[in-house]
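The sequence shown begins at 2 in our numbering and counts up by one.
As structure tokens, the structure follows; a few thoughts come after it.
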Amino acid sequence: MKKILIIIAIIILALCASIFGILFYEKNKEFYSAQDFGIQIIRSDTDYNNNGIDDYTDILLGAKEEAKRAPKYKSAYYAGGYPPDEEGVCTDVIWRAFKNAGYSLKDMVDEDIKNNVELYPRVENRPDPNIDFRRVGNLKIFFERNAKNLTTDLTKIEEWQPGDIVTFGTSHIGIISDKRNKKGVPYLIHNGGQPLREEDALEYINDHFEKISAHFRW
Numbered sequence: 002m003k004k005i006l007i008i009i010a011i012i013i014l015a016l017c018a019s020i021f022g023i024l025f026y027e028k029n030k031e032f033y034s035a036q037d038f039g040i041q042i043i044r045s046d047t048d049y050n051n052n053g054i055d056d057y058t059d060i061l062l063g064a065k066e067e068a069k070r071a072p073k074y075k076s077a078y079y080a081g082g083y084p085p086d087e088e089g090v091c092t093d094v095i096w097r098a099f100k101n102a103g104y105s106l107k108d109m110v111d112e113d114i115k116n117n118v119e120l121y122p123r124v125e126n127r128p129d130p131n132i133d134f135r136r137v138g139n140l141k142i143f144f145e146r147n148a149k150n151l152t153t154d155l156t157k158i159e160e161w162q163p164g165d166i167v168t169f170g171t172s173h174i175g176i177i178s179d180k181r182n183k184k185g186v187p188y189l190i191h192n193g194g195q196p197l198r199e200e201d202a203l204e205y206i207n208d209h210f211e212k213i214s215a216h217f218r219w
């Protein structure tokens, strides 16, 4: 029995050391900015909440704040639609980022579904404001209709800008960071339950989710 406990303890310590190593590496990993690659940052002409910060930057800052908070990954149904602050999934990164720019993504999605329900297959003619805005498939359709559709080619690094939205099939969604890796590919701000929510994952996320299906700018 004692030997078994020792083995279990060793395994736990090894796992902790591995997680710590990954976190230490990511936190100390060198990253770059758009300026390092001669890329001009695109600013929105709109400042919806009149706070002196353009919408794209506000969306980025909202997503980065969500990444710092790192709410527990929990997929659940909530009366009223909104999960508590300490919980969330990938879609919650999006509406919380938009909230930072003064937008109610929930209201906008609900309204678009109400007026165009036939365009939203997942809704099946039964809109549910408690969950519709937290489904990747619905957000993908909403942004296809209401945002600028952009390239999904990661080699065109100048076309990926901070605050952009990216979907992976209809199973995952995130926001483009202002950080970039050594090739100029931007970091991704997202919640898949991983320890670090702003990470160099855009090229490699296919290992865990579907490949990039769309790229939008609000």
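Using N, Cα and C, we set each Cβ at its ideal position, and we do this for glycine too.
{"query": "Same chain only: Cβ atoms within 7 Å of Asn126, ignoring 5 sequence neighbours per side", "result": "Val118"}
{"query": "Option in Val186, Pro163, Gly138, Ile174 with minimal Cα separation from Lys157", "result": "Val186"}
{"query": "Residue nearest to Lys107 in terms of C-alpha spacing, selected from Ile177, Val124, Ile132", "result": "Ile132"}
{"query": "Exposure of Lys184, with buried meaning 16 or more beta-carbon neighbours within 10 Å", "result": "exposed"}
{"query": "Contact set for Gly89: own chain, Cβ-Cβ below 8 Å, skip 5 residues either direction", "result": "Glu67, Pro72, Lys73, Tyr74, Lys75, Arg97, Asn192"}
{"query": "Where Phe1 sits in the DSSP three-state scheme", "result": "Summary: the structure shown does not reach residue 1, with the chain confined to residues 2 through 219, and so no result is reported for it."}
{"query": "Closest by C-alpha distance to Ala77, when choosing among Thr92, Lys69, Pro196", "result": "Thr92"}
{"query": "Alpha-carbon to alpha-carbon, Met109 and Asp86", "result": "21 Å"}
{"query": "Test item: CB-CB of Ile190 and Arg198 under 8 Å", "result": "yes"}
{"query": "Pro122 classed as buried or exposed, judged by whether at least 16 other C-beta atoms fall within 10 angstroms", "result": "exposed"}
{"query": "Backbone secondary structure at Val90 - three-state DSSP", "result": "coil"}
{"query": "Where Arg218 falls: helix, strand or coil (DSSP)", "result": "strand"}
{"query": "Cross-strand partners of Val110 (DSSP beta bridge)", "result": "Val110 is not bridged to any residue."}
{"query": "Rounded straight-line distance, which links the Cα of Ser214 to that of Ala64", "result": "20 Å"}
{"query": "Nearest to Ile206 (by Cα), restricted to the options Trp161, Ile54, Ile174, Phe38", "result": "Ile174"}
{"query": "Beta-bridge pairing of Leu189 - partner residues as DSSP gives them", "result": "Ile177, Glu200"}
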